[in-house]
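Asker: Residue numbers (the working numbering): 30 to 366. Heads up, the beta-carbon is just placed ideally off N, CA and C, and yes, glycines get one too. This structure is a prediction, so every number in the text was calculated from the model and none was measured.
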Ligand code: GDR
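#1: Quick one: residues in its chain with C-beta nearer than 8 Å to the C-beta of residue 252, no 5 flanking neighbours on either side, listed in chain order?
#2: With a Cβ-Cβ cutoff of 8 Å, do residue 113 and residue 134 count as a contact?
#3: When you compare the CB positions of residue 130 and residue 186, do they come within less than 8 Å of one another, or not?
#4: Helix or strand or just coil, what does DSSP make of residue 299?
#5: Using the Cα positions of residue 297 and residue 309, report the straight-line distance between them to the nearest angstrom.
#6: Can you round the beta-carbon distance between residue 117 and residue 325 to whole angstroms, since I take them to be within the 8 Å contact cut?
#7: Can you check whether the CB of residue 78 is closer than 8 Å to the CB of residue 110?
#8: In the segment 77 to 120, which residue ranges form an unbroken beta strand (DSSP E) of at least 3 residues, counting only runs that do not cross its ends?
#9: Taking the alpha carbon of residue 200 as the reference point, which residue from 249, 343 and 266 has its own alpha carbon closest?
#10: Return yes when at least one heavy atom of the ligand PLP lies under 7 Å from the C-beta of residue 222, else no.
#11: Here's the rule I'm using: 16 or more other beta-carbon atoms within 10 Å means buried, otherwise exposed. How should residue 205 be labelled?
#12: For residue 334 and residue 281, which I take to be in contact (beta-carbon distance under 8 Å), what is that distance rounded to the nearest angstrom?
#13: With the cut-off set at 8 Å, would you say residue 239 and residue 188 are in Cβ contact?
#14: Note the first and the last residue of the continuous beta strand (DSSP E) segment covering residue 317.
#15: So the beta strand (DSSP E) residue 203 belongs to, where does it begin and stop?
#16: Just the C-alpha distance for residue 99 and residue 256, rounded to the nearest angstrom, thanks.
#17: Assuming residue 355 is part of the alpha helix (DSSP H), what are its boundary residues?
#18: When the Cβ atoms of the segment 274 to 291 are set against those of the segment 332 to 351, are three or more pairs found closer than 8 Å?
#19: Less than 8 Å between the CB atoms is what I'm expecting for residue 105 and residue 33, so what's the real figure, rounded?
#20: Are there 16 or more other CB atoms within 10 angstroms of the CB of residue 329, so buried, or fewer, so exposed?
#21: If residue 137 and residue 107 are in contact, beta carbons under 8 Å, what's the gap, nearest whole angstrom?
#22: Alpha carbon to alpha carbon, what distance is there between residue 348 and residue 224?
#23: Return the residue from the list 178, 156 and 260 that minimises the CA-CA distance to residue 172.
#24: Using beta carbons (cut-off 8 Å, strictly below), is residue 63 in contact with chain D?
#25: Just reading off the alpha helix (DSSP H) that residue 331 is part of, what are its end residues?
#26: Bridge partners of residue 278, per DSSP?
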């Protein structure tokens, strides 16, 4: 019989890729989206899977809501990908972020504990939990030092998942995913914002755009590959936590340089600090400027993950380097913009 999977946050980047992957594995998929949203299904439509899914509305802030969905379907695997997942926004709406990104996880675990402890549970943990890092390369044993309401909520979810695994023998596992990007990334995240901006400039539909801290460094992988690791974790005999990362780190400025090179835009950086600009040589005008309002109250300056445990246990390793990822993102943006 086909396995039944629940994906919370199915309309997001990871939800869409995971749904596509699980459909190939012959799963029946129930995906939930939040009640209040005018949910947009463009990712599911772009991947051509919208009609193959059952979509339900569910509020992670409401225990009864979750209970109703768990009584309606007999889930084998639950992937909790829903969250208020924009770090910067979590400073403006810390309570709502904690309620969904943090307590939402506990609500699902409580329902699993009460209804059916055989359900396997995956929690989307995040490299943001390492925050102001205590080791230059982060592994499963690196202490957390979160720097935003988002990251603190993710730490809560990570620890409560571990607690339910240890206390109630529930198969509960967390993937600590480092930044993972793709053409399906939301446009408010920095890589997609840069690709959208530069492609518009390339097509002469935009003159310039603004960024915050371009010296932040991130370990950037390809989301489509990262969802495979989620599934692999759920197929193991024992639930464990895994780092999923590339092991390389690049600044936002490096990412911009790769993108301008691929688009063959001839540019140069001038100035320092808030006055730094990227100039388009042909026009001698700035196409990227720095806006201090886009800096975060507390920044995570550099992340780099060590995913050797995933490589050994899950036989998972990243295949797409950043140059190739930039090409994938730009090619699709050129097509759809
Ligand atoms: P991040 O992703 O916070 O790492 O979390 P994001 O793309 O938002 O920021 C990455 C870095 O770029 C800097 N930055 C800017 N960021 C945005 N969004 N917009 C800008 O204009 C800008 N300019 C500079 C940021 O300061 C930051 O250092 C992502 C999310 O998907 C989380 O949900 C997830 O858990 C982690 O990745 C792993």
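Answerer: Walking through what the data contain:
#1: As a working mapping, residue 252 is identified with position 223 in the chain shown. Taken in chain order, the residues that qualify are 42, 43, 46, 209, 210, 211, 213 and 214.
#2: Start at 1 with the first residue of the chain shown, and residue 113 comes out as number 84. Start at 1 with the first residue of the chain shown, and residue 134 comes out as number 105. Not closer than 8 Å, so no.
#3: Stepping through the chain shown from its first residue, residue 130 is reached at position 101. Stepping through the chain shown from its first residue, residue 186 is reached at position 157. A contact, by the Cβ cut-off of 8 Å.
#4: Here residue 299 refers to the residue found at position 270 of the chain shown. Three-state DSSP puts residue 299 in a strand.
#5: Stepping through the chain shown from its first residue, residue 297 is reached at position 268. Stepping through the chain shown from its first residue, residue 309 is reached at position 280. Using only the alpha carbons, I get a separation of about 7 Å.
#6: Position 88 of the chain shown, counting from 1, holds the residue named residue 117. Position 296 of the chain shown, counting from 1, holds the residue named residue 325. With a Cβ gap of about 6 Å, residue 117 and residue 325 count as contacting.
#7: In the chain shown, the residue the question calls residue 110 occupies position 81. In the chain shown, the residue the question calls residue 78 occupies position 49. The answer is no: Cβ separation not under 8 Å.
#8: 83 to 86 and 106 to 109
#9: Taking the chain shown and counting its residues from 1, one reaches residue 200 at position 171. It is 266 whose Cα lies nearest to the Cα of residue 200.
#10: In the structure on display, the ligand PLP does not appear, and the ligands it does have are the ligand GDR.
#11: As a first step, residue 205 must be located in the chain shown, where it is residue number 176. Looking at its Cβ environment, which holds 16 or more other Cβ atoms inside 10 Å, residue 205 is buried.
#12: In the chain shown, the residue the question calls residue 334 occupies position 305. In the chain shown, the residue the question calls residue 281 occupies position 252. Wrong, their Cβ atoms sit about 17 Å apart, outside the cutoff.
#13: Taking the chain shown and counting its residues from 1, the one referred to as residue 239 is at position 210. Taking the chain shown and counting its residues from 1, the one referred to as residue 188 is at position 159. Result no, Cβ atoms of residue 239 and residue 188 do not sit closer than 8 Å.
#14: Residue mapping note: residue 317 aligns to position 288 of the chain shown, counting from 1. Note, residue 317: beta strand (DSSP E), 314 to 319.
#15: Taking the first residue of the chain shown as position 1, residue 203 is located at position 174. Looking at the DSSP string, the run of the beta strand (DSSP E) that includes residue 203 is 201 to 206.
#16: Numbered from its first residue, the chain shown carries residue 99 at position 70. Numbered from its first residue, the chain shown carries residue 256 at position 227. Rounded to whole angstroms, residue 99 to residue 256 spans 23 Å at the Cα level.
#17: Stepping through the chain shown from its first residue, residue 355 is reached at position 326. Note, residue 355: alpha helix (DSSP H), 351 to 365.
#18: yes
#19: Position 76 of the chain shown, counting from 1, holds the residue named residue 105. Position 4 of the chain shown, counting from 1, holds the residue named residue 33. At roughly 5 Å, the Cβ-Cβ gap stays under 8 Å, so residue 105 and residue 33 are in contact.
#20: Residue numbering aside, residue 329 sits at position 300 when the chain shown is read from its first letter. Buried: at least 16 other Cβ atoms inside 10 Å.
#21: Here residue 137 refers to the residue found at position 108 of the chain shown. Here residue 107 refers to the residue found at position 78 of the chain shown. Yes, residue 137 and residue 107 are in contact; Cβ-Cβ is about 7 Å, under 8 Å.
#22: As a working note, residue 224 is residue 195 in the chain shown. As a working note, residue 348 is residue 319 in the chain shown. Those two C-alpha atoms are separated by around 21 Å.
#23: As a first step, residue 172 must be located in the chain shown, where it is residue number 143. With distances taken between Cα atoms, residue 172 lies closest to 156.
#24: The chain labelled as chain D is not found in the depicted structure, where only one protein chain is given.
#25: Residue 331 sits at position 302 when you count from the first residue of the chain shown. Taken as a continuous stretch (DSSP letters only), residue 331 belongs to no alpha helix (DSSP H), as it is neither H nor E.
#26: As a position in the chain shown, residue 278 is number 249, starting the count at 1. Per DSSP, none; premise fails for residue 278.
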